[in-house]
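Engineer: Per the UniProt record's numbering, the sequence shown starts with residue 1, numbered consecutively. Cβ atoms here follow ideal geometry from the backbone N, Cα and C, with glycine treated the same way.
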Amino acid sequence: MPDRLTSLTLLLLAALTIMSGATIAPALPAMQAHFADQPNANLLVKLALTIVGLVIAVSAPIGGVLADKFGRRPVLLWSLVLYAVGGASGLVVQSLGEVLAGRVLLGFAVAGTMTAGGALVNDLFSGPARGKFLSQQAAFTSFGGAVLLPLGGVLAGVGWRAPFALYLISLLLIPLVLRLPRGVPGGISVAEAAEKPRWWPVILVYFLALAYMIAFYLMPAQGPFLLQALGAKPAATGLLLGAFTLIAALTSLGYSRFAGRFDPRRVAALGMGLLAGGWGLVAVAQSIPAVLVGLVVAGLGGGLVFPNLYAWLADLTPPAWRGRITAGMSSAVFLGQFLSPLVLAAPAAQPAQGFVWGALGIAVIGAALFALSLVRPKVA
1 MPDRLTSLTL
11 LLLAALTIMS
21 GATIAPALPA
31 MQAHFADQPN
41 ANLLVKLALT
51 IVGLVIAVSA
61 PIGGVLADKF
71 GRRPVLLWSL
81 VLYAVGGASG
91 LVVQSLGEVL
101 AGRVLLGFAV
111 AGTMTAGGAL
121 VNDLFSGPAR
131 GKFLSQQAAF
141 TSFGGAVLLP
151 LGGVLAGVGW
161 RAPFALYLIS
171 LLLIPLVLRL
181 PRGVPGGISV
191 AEAAEKPRWW
201 PVILVYFLAL
211 AYMIAFYLMP
221 AQGPFLLQAL
231 GAKPAATGLL
241 LGAFTLIAAL
251 TSLGYSRFAG
261 RFDPRRVAAL
271 GMGLLAGGWG
281 LVAVAQSIPA
291 VLVGLVVAGL
301 GGGLVFPNLY
311 AWLADLTPPA
321 WRGRITAGMS
331 SAVFLGQFLS
341 PLVLAAPAAQ
351 PAQGFVWGAL
361 GIAVIGAALF
371 ALSLVRPKVA
């Protein structure tokens with residue numbers, strides 16, 4: 001088992017993930033107003049939030065290969081530097097094209113931190129301890145969002161550029177990462193090296209993560225516009241987004257005590273059902289308090305799904321494949337993030353429409369997953 005400082009470092013690295021996109025979410029309406037004279041500003045501003053996901057989806061496999069070949073720590077160090085450069089570029093750029101270029105660099109950085117950090121977690125933890133830590137990691141990530149999203153909302157009230165300064169936080173983690181184990185897989189037997197992943201269950205987990213993220217990311221990508229239509233200011237938007245992630249954090253933290261005791265398919269199906277119910281409430285809300293009720297319900301679901309999917313995937317992954325399998329999960333998660341505003345697009349006059357389709361889609365998938373757990377009681 002790693003020491004407490006190593007565990008804390010891994011938790012902080014995970015918190016960088018939610019920062020990558022959602023930190024600037026409260027600033028999107030102001031950014032759109034600033035660049036209103038540029039062609040396709042409405043779409044491009046939303047892509048500034050989600051293009052990070054596309055880049056991660058494409059580049060994460062490369063990060064996984066590098067983490068398996070050269071070690072986790074070198075990949076993490078370079079990624080933290082790139083995170084600061086690409087993330088904070090919004091402080092100085094002058095066009096939407098330059099904003100998007102900085103977000104592309106940020107995507108490469110997040111791909112490195114997610115794959116190398118995730119592989120290191122699988123290196124250092126095993127069995128029930130791994131499931132418990134992954135639940136704690138999900139909670140810590142959401143707690144980070146609960147702090148950073150309101151802070152991003154406050155900064156967005158100062159100006160749309162201000163939230164980009166938060167990305168410089170990554171530089172503070174470099175001294176902590178320097179003390180991490182290098183993490184090159186070693187001590188693997190010939191039999192373990194020859195072991196191949198069980199691809200069908202792995203692909204199922206990837207699909208569930210992709211679909212869930214498409215629905216889950218509705219709030220950061222389209223929620224600010226819905227809230228603006230209901231009269232919310234940027235600071236209030238940040239607080240509401242923070243409340244959503246806080247509920248998810250508390251759910252993950254509470255569930256960490258029971259990690260590994262239940263069929264992960266049923267827990268994930270429950271989380272999807274709660275998210276569907278929450279988005280249904282958001283879709284019909286006519287006031288900010290009504291939206292908050294929906295966010296609480298959705299947050300309860302958000303705290304259950306990913307810890308289970310990651311623990312399930314870790315149990316399916318041979319030691320020699322940890323970096324690459326983790327990279328595939330990162331690709332699935334962030335491809336879903338990128339696709340969310342495209343698959344669940346809503347016209348400007350009807351910002352709640354995406355939440356309707358998102359609720360229906362994830363409810364169907366959750367029901368199918370629960371049915372699978374009944375037909376095939378044994379987890380694959």
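From 15, 376 and 353, pick the residue whose C-alpha is nearest to that of residue 382; which is it?
Structural biologist: Given that the chain is displayed from residue 1 to residue 380, the structure contains no residue 382 and the question cannot be resolved.
Engineer: Please look up how many angstroms separate the CB atoms of residue 336 and residue 344, rounded, as I've assumed it's under 8 Å.
Structural biologist: Residue numbering aside, residue 336 sits at position 336 when the sequence shown is read from its first letter. Residue numbering aside, residue 344 sits at position 344 when the sequence shown is read from its first letter. The Cβ separation is near 11 Å, so there is no contact.
Engineer: Could you tell me the alpha carbon to alpha carbon distance between residue 154 and residue 252, rounded to whole angstroms?
Structural biologist: Counting from 1 along the sequence shown, the entry for residue 154 is found at position 154. Counting from 1 along the sequence shown, the entry for residue 252 is found at position 252. For residue 154 and residue 252, the distance between alpha carbons rounds to 26 Å.
Engineer: What are the start and end residues of the alpha helix (DSSP H) that includes residue 90?
Structural biologist: As a first step, residue 90 is located in the sequence shown; it is residue number 90 there, counting from the start. Premise fails: residue 90 is in no alpha helix (DSSP H) and is neither H nor E.
Engineer: How many Å lie between residue 43 and residue 248 at the Cα?
Structural biologist: Translated into positions along the sequence shown, residue 43 becomes position 43. Translated into positions along the sequence shown, residue 248 becomes position 248. One C-alpha to the other measures close to 28 Å.
Engineer: Quick one: residues in its chain with C-beta nearer than 7 Å to the C-beta of residue 2, no 5 flanking neighbours on either side, listed in chain order?
Structural biologist: Locating residue 2 in the sequence shown gives position 2, where the first residue counts as 1. Taken in chain order, the residues that qualify are 124.
Engineer: Quick check on the DSSP output: what are the complete beta strand (DSSP E) runs of length 3 or more inside the segment 116-175, in order along the chain?
Structural biologist: Entirely contained in the segment 116-175, not one beta strand (DSSP E) run reaches 3 residues.
Engineer: If we count Cβ pairs, one from each stretch, closer than 8 Å, do we get three or more for the segment 125-141 versus the segment 225-238?
Structural biologist: They do not touch, by the three-pair rule.
Engineer: Extract the residue ranges of the beta strand (DSSP E) inside the segment 183-262, only unbroken runs of 3 or more that lie entirely within it.
Structural biologist: As far as the segment 183-262 is concerned, it has no whole beta strand (DSSP E) run of at least 3 residues.
Engineer: Comparing C-alpha positions only, which one of 102, 227 and 77 sits nearest to residue 381?
Structural biologist: Because the chain spans 1 through 380 in this model, residue 381 falls outside it and cannot be assessed.
Engineer: Using only alpha-carbon positions, find the residue among 36, 65, 208 and 90 that is nearest to residue 49.
Structural biologist: Taking the sequence shown and counting its residues from 1, the one referred to as residue 49 is at position 49. For the residues 36, 65, 208 and 90, the minimum Cα distance to residue 49 belongs to 90.
Engineer: Count the other CB atoms within 10 Å of the CB of residue 220; is the residue buried (16 or more) or exposed (fewer)?
Structural biologist: Within the sequence shown, numbered from 1, the residue matching residue 220 stands at position 220. When all chains shown are included, residue 220 counts as buried.
Engineer: In this structure, does DSSP put residue 40 in helix, strand or coil?
Structural biologist: Your numbering for residue 40 matches position 40 in the sequence shown. Three-state DSSP puts residue 40 in coil, outside helix and strand.
Engineer: Buried or exposed, going by whether 16 or more other CB atoms sit within 10 Å of the CB of residue 258?
Structural biologist: Against the sequence shown, residue 258 aligns to sequence position 258. Residue 258 should be labelled exposed.
Engineer: Does the Cβ-Cβ distance between residue 308 and residue 347 come in under 8 Å?
Structural biologist: The count along the sequence shown starts at 1 and reaches residue 308 at position 308. The count along the sequence shown starts at 1 and reaches residue 347 at position 347. No, the Cβ-Cβ distance between residue 308 and residue 347 is not below 8 Å.
Engineer: By how many angstroms is the C-alpha of residue 250 removed from the C-alpha of residue 139?
Structural biologist: Position 139 of the sequence shown, counting from 1, holds the residue named residue 139. Position 250 of the sequence shown, counting from 1, holds the residue named residue 250. Residue 139 and residue 250: Cα-Cα distance of roughly 6 Å.
Engineer: Applying the criterion that 16 or more other CB atoms from any shown protein chain within 10 Å of the CB defines a buried residue, is residue 8 buried or exposed?
Structural biologist: The residue labelled residue 8 in the question sits at position 8 within the sequence shown. That one is exposed.
Engineer: Throw me the rounded Cβ distance for the residue 102 and residue 110 pair, which I believe falls under 8 Å.
Structural biologist: Stepping through the sequence shown from its first residue, residue 102 is reached at position 102. Stepping through the sequence shown from its first residue, residue 110 is reached at position 110. So it is not a contact: roughly 13 Å between Cβ atoms.
Engineer: Would you call the CB atoms of residue 198 and residue 316 closer than 8 Å?
Structural biologist: As a working mapping, residue 198 is identified with position 198 in the sequence shown. As a working mapping, residue 316 is identified with position 316 in the sequence shown. Yes. Within cutoff.
Engineer: Answer with buried or exposed for residue 46, where buried requires no fewer than 16 other C-beta atoms within 10 angstroms of its C-beta.
Structural biologist: Counted from its first residue, the sequence shown places residue 46 at position 46. Result: buried.
Engineer: Out of 222, 292 and 304, state which residue places its alpha-carbon closest to the alpha-carbon of residue 342.
Structural biologist: For the purposes of this step, residue 342 is taken as the residue at position 342 of the sequence shown. The shortest C-alpha separation from residue 342 is found at 222.
Engineer: Taking the CB atoms as reference points, tell me whether residue 39 and residue 225 lie closer together than 8 Å.
Structural biologist: Residue numbering aside, residue 39 sits at position 39 when the sequence shown is read from its first letter. Residue numbering aside, residue 225 sits at position 225 when the sequence shown is read from its first letter. In this structure, residue 225 does not lie closer than 8 Å to residue 39 by Cβ.
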